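Engineer:
Protein chains: 2
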Amino acid sequence: MKLTPKGRATRQRIVEGAATYLRGTDPGTATLDDIRTVTRTSKGQIFHYFPGGKDELLLAVARHEADRVLLDQEPHLSRLDSWASWTDWRDSVLARYRSQGRRCPLAALMDQVTTTPGSVEVVTELLDQWQRRVAAGVVAMQEGGRVSTDLDPARVAAAFVAGIQGGVQVLRATGSTDHLEASMDLMIDYLRAA
Amino acid sequence: MKLTPKGRATRQRIVEGAATYLRGTDPGTATLDDIRTVTRTSKGQIFHYFPGGKDELLLAVARHEADRVLLDQEPHLSRLDSWASWTDWRDSVLARYRSQGRRCPLAALMDQVTTTPGSVEVVTELLDQWQRRVAAGVVAMQEGGRVSTDLDPARVAAAFVAGIQGGVQVLRATGSTDHLEASMDLMIDYLRAA
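From first to last, the protein sequence lines stand for chains A and B. The first sequence stops at residue 194 when you use full-length UniProt numbering, and every number in between is there. The second sequence stops at residue 194 when you use full-length UniProt numbering, and every number in between is there.
(1) Pull up the CB-CB distance for L70 of chain B and Q12 of chain B, whole angstroms please, since I reckon it's below 8 Å.
(2) Mind listing the chain B neighbours of V123 of chain A? Cutoff is C-beta to C-beta under 7 Å, in chain order.
(3) List the residues of chain B whose Cβ lies closer than 7 Å to the Cβ of Q165 of chain A, in chain order.
(4) Give the secondary structure of P153 of chain B by DSSP, where H, G and I count as helix, E and B as strand, and everything else as coil.
(5) Expressed to the nearest angstrom, what Euclidean distance is found between the alpha-carbon atoms of G53 of chain A and C104 of chain B?
(6) Within the 9 Å Cβ cut-off, does D111 of chain A reach chain B?
(7) If you draw a straight line from the alpha carbon of H179 of chain B to that of L127 of chain A, how long is it in whole angstroms?
(8) Where do the ends of the alpha helix (DSSP H) carrying P105 of chain A lie?
(9) Look at the alpha carbon of A194 of chain A and the alpha carbon of D152 of chain A, and state the distance between them as a whole number of angstroms.
(10) Mind listing the chain B neighbours of R155 of chain A? Cutoff is C-beta to C-beta under 9 Å, in chain order.
(11) When burial is assigned at 16 or more other CB atoms within 10 Å of the CB, is T177 of chain A buried or exposed?
(12) Could you check which residue in B:Q165, B:L186, B:E143, B:V139 has the C-alpha nearest to that of V123 of chain B?
(13) Give the secondary structure of D81 of chain B by DSSP, where H, G and I count as helix, E and B as strand, and everything else as coil.
(14) Is DSSP giving L3 of chain A helix, strand or coil here?
(15) If you run the structure through DSSP and keep just helix, strand and coil, what is G166 of chain B?
(16) Name the two residues that bound the continuous alpha helix (DSSP H) containing Q142 of chain B.
(17) So, are the CB atoms of V156 of chain B and M187 of chain B less than 9 Å apart?
(18) Grab the span of the alpha helix (DSSP H) containing R63 of chain A for me, first residue to last.
(19) Buried or exposed: where does E181 of chain B fall if 16 or more other Cβ atoms within 10 Å of its Cβ makes it buried?
(20) Work out the CA separation of I35 of chain A and T29 of chain B for me, nearest whole Å.
(21) Quick one: list the residues of chain A neighbouring Y190 of chain B, beta-carbon separation under 9 Å, in chain order.
(22) Less than 9 Å between CB atoms is the rule here; does V120 of chain B satisfy it with respect to chain A?
(23) Closer than 7 Å, Cβ to Cβ, to anything on chain A: give me those residues from the segment 125-138 of chain B, in chain order.
(24) Taking all protein chains shown into account, decide if T149 of chain A is buried (16 or more other Cβ within 10 angstroms of its Cβ) or exposed.
(25) Report the residue from B:P27, B:G7, B:V168 whose alpha carbon sits nearest the alpha carbon of V61 of chain B.
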């Protein structure tokens, strides 16, 4: 659907309002009417911007939350060109997930849209972007002569994405960020040794 | 519930039959009657062994699948005392998840019992056992003089659990074991360098 700049702004306002609301509510039990009320939107507007109804809206919110996962790691994630920046990044990731705790807004949304077309792309696109930025950081460290060029940046970045994902999974199950911290520290130590 | 040896055997037969059946069926849509039919069990028997009904049975199957996750990694996981054994373990984990593909039987069950009492313990117990065995492997390598005693075995093992968990998460989302492989290889390389 082609939207005018004003239409895009309205759609964005609905997505952001819904995102804030759904961070405090189970997306499974929230109704479109609840979301209409908190975002002060008419039924006609909702179905104009999200013809697929609740699933399409939740998927748009999931995409918004996925973007936030990366945004919350900036400016560090896109500037991994010194050991200090890797440490700052590690600290920012840990702080983010510590404050988030067991309840992951993106995961709660994804649980609701598993069969909605486009839901797989939200996750694969997030992992892909995340991995690319870490890989760019490894390349920057190699160019600066701080990390061996024997390492394959894409593979190292894939390991980082796996370790962080797993650490967040364990956090969701146990409420502790210990695994996330151990994983990031091991991988950064690995880079330092290389 | 105290069970006689015969009772334990019957309960185990039901759990194993249900596990086999639920590996090929969505546990969310499977009914107790379906499970009764495939395990040739009467309604009375099912409710005798699983008074809580479907949720209790699914949780018992989840516990069984969690045990299998570890069993499938044996004999390697409990004998990580040489570099060859770490490589064999890595290969067995990758082979297991490659053949399993996107559909994780344990995760499919856990999705159904998130609010059932005892479900959190199934996951935390699995992670704990897994981490302990990897930590014992790190200690064995330290005792053999192959890995620096500066490393904290519990933290290294936590990182392994996170990396494998995350790799399996990415496999579920993308169908690829590349992240799992990159993660295990990075962590074993890290140990070799230490």
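We put the beta carbon where it would ideally sit given N, CA and C, even for glycine. For clarity, every value in this text was computed on a predicted model and none was experimentally measured.
Structural biologist: The structure says:
(1) Between Q12 of chain B and L70 of chain B the Cβ distance is about 17 Å, and since that is not below 8 Å, they are no contact.
(2) Neighbours of V123 of chain A in chain B, taken as residues whose beta carbon is under 7 Å from its own, are A173 in chain order.
(3) Those are G166, Q169, V170, listed as they occur along chain B.
(4) It is helical.
(5) Between G53 of chain A and C104 of chain B, the alpha-carbon positions lie close to 30 Å from each other.
(6) Against chain B, the CB of D111 of chain A has a partner CB under 9 Å away; the residue lies at that interface.
(7) Approximately 10 Å, taken between the alpha carbons.
(8) Start and end: 105-112.
(9) Their Cα atoms are separated by approximately 11 Å.
(10) Simply D178, E181, A182, D185, L186.
(11) Around the CB of T177 of chain A, 16 or more other CB atoms lie within 10 Å, so the residue is classed as buried.
(12) Nearest in C-alpha terms to V123 of chain B, of all of B:Q165, B:L186, B:E143, B:V139, is B:Q165.
(13) In the structure shown, D81 of chain B sits in coil (DSSP, three-state: anything other than H, G, I, E or B).
(14) In the structure shown, L3 of chain A sits in coil (DSSP, three-state: anything other than H, G, I, E or B).
(15) Reduced to three states, the DSSP call for G166 of chain B is helix.
(16) Residues 119-143.
(17) Taking 9 Å as the Cβ cut-off, V156 of chain B and M187 of chain B qualify as a contacting pair.
(18) R63 of chain A -> alpha helix (DSSP H) spans 54-71.
(19) Buried is the call here.
(20) Taking the straight line joining both Cα atoms gives about 29 Å.
(21) Within chain A, the residues near Y190 of chain B are L186, M187, D189, Y190, A193.
(22) True, the Cβ-Cβ gap to chain A drops below 9 Å.
(23) Those would be L127, in chain order.
(24) Exposed, because fewer than 16 other Cβ atoms sit within 10 Å of the Cβ of T149 of chain A.
(25) Ranking the options by Cα distance to V61 of chain B, first place goes to B:P27.
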